[in-house]
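In my numbering, the protein residues as written are 286 to 657. Backbone N, C-alpha and C define an ideal beta-carbon position, used for all residues, glycine too. Just below is one structure, and these are the notes that go with it.
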């Protein structure tokens, strides 16, 4: 990671000049926070007393007989998904920067709920941009955000999903940059966001590594996580990336495989691997899972793919649905559709010692699943 936020040829800043001072301010604030023990102490305290960290490791014996497959239970975090790790960290950072208004984008609604939650906790104004199609698919989360005091603004153009919601959130930020912090939800966007989000999500990998060692007295052979923008995966991988004997596998939605089917391009302020047509225009992504329905991915994932440190595979809607139902019936755990993609691939692996990031719970997806 260089000071310019590059991962090989990926990352960087591809933004209007008006945003450079805000990104510089954010970068300086982030470096200062990283060097301040009080910042880390506050985050750890919030994690323990508000979010419910550490989250446990659960062995899924009936789901994967013949394997020692463990789930890192981010579904048990307050608000029901890993998104709160990042939202809490950025909320504390926003306070240090003197910002009292938060804008965020959301797809599945989990990041929107996390943003609305921390804004309620810290007394900030909160505006969440969400595509109309995602609002339809994730109605319970829209209601939760509004209950928490956030204003949810529907985005009515394009595919009316996460890509457009992100564009609108950035547009709002540009207009209100003096008072507003853009609380990005994944390890995407211009530097320093990909690094910042990875570091705030790395708690997943740190905990999981220690817990797996405690359970098995050795490291897993393979670590699996779903990838949309990729923040739960980058946080989980962070705990194992320096262990060459541990395979890292990211699982994308088959209809939104930015790493498997994409090529280098610029989206939302950074160069990464994106889905694009022959003219270089960003293509539409599709997934039953609103959280994976994104035509780009965090730049560090593109770098990990190119260097061969991580592998990226795909799962279809049908495979994810089957894994969703199977885990529910076999283990009494209802996963979100996003990590159901990771579960679909994890069971097929040859390795015996497997660790999966269960990034969120499935309450938000019941209507979608039951309609199939």
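- For residue 410, the secondary structure class from DSSP, reduced to helix, strand or coil, is strand.
- The region 371-389 makes no contact with the region 646-657, as fewer than three CB pairs between them are under 8 Å.
- Assigned with DSSP and collapsed to three states, residue 649 falls in helix.
- Approximately 14 Å separates the beta-carbon atoms of residue 357 and residue 638; this is outside 8 Å, ruling out the contact.
- Close CB contacts of residue 429 within its chain, under the 8 Å cut and outside five residues either way in sequence, are with 394, 398 and 401 (chain order).
- Counting of Cβ neighbours within 10 angstroms places residue 299 among the exposed residues, the total staying below 16.
- A Cβ-Cβ separation of about 18 Å leaves residue 557 out of contact with residue 536 under the 8 Å criterion.
- DSSP places residue 576 outside both helix and strand once states are collapsed to three, so it counts as coil.
- Ranked by Cα distance from residue 568, the options 576, 575, 521 and 548 are led by 548.
- Check the Cα spacing between residue 406 and each of 425, 421, 372 and 391: the tightest is with 372.
- Separation of residue 382 and residue 476 (C-alpha to C-alpha, rounded to the nearest whole angstrom) is 17 Å.
- Between residue 646 and residue 627, the gap from beta carbon to beta carbon reaches 8 Å or more.
- DSSP places residue 479 in the helix class (H, G or I) of the three-state scheme.
- Boundaries for residue 352: no alpha helix (DSSP H) harbours it, and the DSSP string shows neither H nor E there.
- Under a 10 Å Cβ-count criterion, residue 651 is classified as exposed, with fewer than 16 other Cβ atoms of the shown protein chains found around its own Cβ.
- If the five residues before and after residue 611 are omitted, its C-beta is found closer than 7 Å to the C-beta atoms of 348, all from its own chain and listed in chain order.
- Judged by pairs of C-beta atoms under 8 Å, the region 601-620 does not touch the region 462-473, as fewer than three such pairs exist.
- With a contact defined as Cβ atoms closer than 8 Å, residue 485 and residue 512 miss out at about 17 Å.
- For residue 343, the secondary structure class from DSSP, reduced to helix, strand or coil, is strand.
- By the CB criterion at 8 Å, residue 362 and residue 507 fall outside the cutoff.
- Each residue's CA atom was taken as its position, placing residue 370 and residue 313 some 21 Å apart.
- In the structure shown, residue 516 adopts helical secondary structure according to DSSP, grouped into three states.
- DSSP places residue 301 in the coil class of the three-state scheme, outside both helix and strand.
- Distance from the Cα of residue 351 is smallest, within the candidate group 497, 632, 296 and 649, for 632.
- By the beta-carbon neighbour count (other beta carbons within 10 angstroms, threshold 16), residue 325 is exposed.
- Counting the other Cβ atoms within 10 Å of the Cβ of residue 423 gives 16 or more, which makes it buried.
- Non-local C-beta neighbours of residue 500 in its own chain, meaning closer than 8 Å and more than five positions away in sequence, comprise 342, 344 and 355, ordered along the chain.
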